[in-house]
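First comes the structure, then the notes that go with it.
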Amino acid sequence: MSDLPSIGSPATRALHEAGIIRMEQVASLTRSQLLALHGIGLKAIRIL
Numbered sequence: 448m449s450d451l452p453s454i455g456s457p458a459t460r461a462l463h464e465a466g467i468i469r470m471e472q473v474a475s476l477t478r479s480q481l482l483a484l485h486g487i488g489l490k491a492i493r494i495l
């Protein structure tokens, strides 16, 4: 089960497609790595 906050469908899809479903996984990525995922933008990063 995912514990990701509500960040919008494209961003959520991008994370799930990369196998990221937990905030611990998000925390291990750099800002650049997150932005490299298609669907993740600055707004999603601010929320995360």
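Every number in our numbering is 447 more than the matching position in the sequence shown, counting from 1.
Even for Gly, the Cβ is constructed at its ideal location relative to N, Cα and C.
8 Å Cβ cutoff met for residue i and residue j
i, j, result
"L462", "L489", "no"
"I467", "L495", "no"
"G486", "R460", "yes"
For residue i, three-class secondary structure by DSSP
i, result
"I492", "helix"
"L481", "helix"
"P452", "coil"
"A465", "coil"
CA-to-CA distance, residue j to residue i, given in whole angstroms
i, j, result
"L451", "L481", "14 Å"
"A491", "M448", "19 Å"
6 Å Cβ shell around residue i - same chain, five flanking residues per side excluded
i, result
"L476", "none"
Sequence-distant residues of its chain with Cβ nearer than 8 Å to residue i (five each side left out)
i, result
"V473", "L451, L462, I467, L481 and L495"
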